[in-house]
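Residue numbers (this note's numbering): 121 to 468.
Glycine included, each C-beta is placed from N, C-alpha and C at the ideal position.
Written out below as structure tokens is the structure these notes cover.
This is the structure we're talking about:
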């Protein structure tokens, strides 16, 4: 695997915002618009900057009529729009890119979204390198390594401030399992989901659910598959005309809102997220065990971002260990592809 640069010392990038300026890059898209709506309604957000290649002034004007605290502005590429949108940012959420469409291979998706993420993160490195970066753009298994390598090349990489948002996998696990538990409120069941954020790299750990859940043996494999391939279910239901944009927007909001609370000093906030393990406390042991540097595990969030990666791998059962092996195989290639894209970019 190609490696470049080293993270800066933690104290060099330490900062706790007195207010919260959030930026959504890709704010006019299928995820970006509902995500921006949720963030505009969030009382923790003081300012909201929206950026996209089209439509953001209109989206911002629409959302500005909502009676909430956040001041909102929309920016387009002309006249240094990206730089203006990012100036002073505390948290940058990136749902930019295109969704996977019928007939489109993952390679097709990668070629488009990889370049978009690279260019946007280059802007972050130049304008707001201390901001927390939340990557939603797929394929997350590869786009997060791309973001990391861009920040490394700029000498601005702080692993504690870069997150791949895998919360939708957690939300799906919580929701789908209620069919077997009868729990009316899915959010009261905590189910860790580890690994990556696509297909077999997604590993839901139902054996570690709290409170414990009993799933009939013949129902477990279909339940796991439904969590892993839940996006396909939505694409099919929408007749190929859309993807899981609304649920992803909710998941992105959920993670961003928890991160805001954690940066304000609230303790005990833990959420699975896809991070650069060697740069997070507790991550080295997980990296050694999995053989990959990027992996989603429950992470304790705090003022500096990813405070600690919780190693729950010793607790998983035999069935989950098999899922983990399949996950690692796919994940390694995804990570290498992202790293290689930055260091050996395809010809334009």
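Taken through DSSP and simplified to helix, strand or coil, residue 356 comes out as helix.
A distance below 7 angstroms between beta-carbons, with the five flanking residues on each side excluded, links residue 204 to the following residues of its chain, in chain order: 195. Put simply, the segment 139-155 does not touch the segment 260-273. Fewer than three CB pairs are less than 8 angstroms apart. Along the length of the segment 169-200, whole beta strand (DSSP E) runs at least 3 residues long occupy 191-195, reported in chain order.
Per DSSP, the beta bridge partners of residue 214 are 255. Ranked by how close their Cα comes to the Cα of residue 367, the residues 292, 361, 439 and 297 have 292 in first place. Residue environment for residue 187: exposed (fewer than 16 other C-beta atoms within 10 angstroms of its C-beta).
In chain order, 211, 252 and 421 place their CB closer than 7 angstroms to the CB of residue 379, counting only its own chain and leaving out the 5 sequence neighbours on each side. Between residue 426 and residue 395, the C-beta spacing is below 8 angstroms. Taking each of 438, 389, 391 and 417 in turn and checking the Cα distance to residue 397, the smallest one comes out for 417.
Within the same chain, and ignoring the five residues on either side of residue 300 in sequence, the residues whose Cβ sits closer than 6 angstroms to its Cβ are 335. Three or more Cβ pairs closer than 8 angstroms define a contact, and the segment 232-244 falls short of that threshold against the segment 385-395. When DSSP states are grouped into helix, strand and coil, residue 392 belongs to the strand group.
By the neighbour-count definition (other C-beta atoms within 10 Å, threshold 16), residue 141 is a buried residue. In this structure, the CA atom of residue 271 is about 34 angstroms from the CA atom of residue 435. Residue 287 sits away from residue 150, with the two beta carbons spaced by 8 angstroms or more.
With a beta-carbon spacing of about 7 angstroms, residue 419 and residue 430 fall inside the 8 angstroms limit used to define contacts. Residue 176 sits away from residue 209, with the two beta carbons spaced by 8 angstroms or more. Judged by DSSP secondary structure, residue 277 falls outside any beta strand (DSSP E); it is assigned neither H nor E. Residue 437 counts as exposed, since fewer than 16 other C-beta atoms from the protein chains shown sit within 10 angstroms of its C-beta.
Secondary structure note for residue 456: its alpha helix (DSSP H) is the uninterrupted segment 438-463. 258 is the residue among 258, 235 and 338 whose C-alpha sits nearest the C-alpha of residue 219.
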